[in-house]
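To keep things clear, I will list the structure first and then write my remarks on it.
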Amino acid sequence: MTQRITITLDDDTVAALDAFMAQRGSANRSEAMRDLLHGGLARHAEEAGEPQGDCVAVASFVYDHAERELGRRLLDAQHAHHDLSVATLHAHLDAHHCVEVALLRGPAQAVRPFAESLIAERGVRLGRINLMPAPRAGRRRGGHHHE
Numbered sequence: 001m002t003q004r005i006t007i008t009l010d011d012d013t014v015a016a017l018d019a020f021m022a023q024r025g026s027a028n029r030s031e032a033m034r035d036l037l038h039g040g041l042a043r044h045a046e047e048a049g050e051p052q053g054d055c056v057a058v059a060s061f062v063y064d065h066a067e068r069e070l071g072r073r074l075l076d077a078q079h080a081h082h083d084l085s086v087a088t089l090h091a092h093l094d095a096h097h098c099v100e101v102a103l104l105r106g107p108a109q110a111v112r113p114f115a116e117s118l119i120a121e122r123g124v125r126l127g128r129i130n131l132m133p134a135p136r137a138g139r140r141r142g143g144h145h146h147e
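Right under this line is the structure:
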């Protein structure tokens with residue numbers, strides 16, 4: 001179900017919206033506003049606490065590959081949470097450091113602690129988590145088709 005609403009914006013805000021729309025390739029202002037609202041509401045929900053229900057998350061971290069057993073511990077943790085682990089990207093930054101990006105999906109109350117445990121492993125130098133509510137099944141917008 002969709003509803004039509006009307007909003008009034010000043011000229012500077014409309015210009016910024018149009019620039020956002022052009023940059024993102026949005027088909028129209030309504031699509032651009034939906035994207036901005038969804039992003040803002042998701043950030044607000046995260047700042048206010050855990051998103052409810054299913055989420056998608058990216059846990060990215062830099063670590064010293066020479067740290068004793070760290071690579072094995074990270075891999076074992078992801079295997080132990082195979083129900084949450086979707087994919088992992090691993091890259092070598094220099095002779096000593098690697099970056100890993102783990103794409104996770106599942107209930108927020110399980111995903112966040114798992115992502116935090118990856119970043120908390122001894123030898124992980126830096127880490128960040130980006131958690132977003134998972135899109136609901138059946139909701140598609142024009143222009144974004146994945147098969």
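In the working numbering, the protein residues as written are 1 to 147. Yeah, the Cβ is synthetic: ideal placement off N, Cα and C, and Gly gets one too.
Within 9 Å, strictly: CB atoms of residue 129 and residue 58: yes
Beta-carbon contacts of residue 70 that lie in its chain and below 8 Å, excluding the five residues immediately before and after: 63, 64, 121, 122, 123, 124
Contacts around residue 77, its chain only, beta-carbon distance under 7 Å, and the 5 residues preceding and following it disregarded: 117, 118
Helix, strand or coil at residue 132 according to DSSP, with G and I counted as helix: strand
Local Cβ density within 10 Å of residue 112, reported as buried at 16 or more and exposed below that: buried
8 Å contact criterion, which residue 17 and residue 29 should meet: CB distance rounded: 6 Å
Nearest candidate by alpha-carbon position, reference residue 102, set 92, 88, 126, 110: 88
Residues bridged to residue 91 [DSSP beta-bridge criterion]: 99
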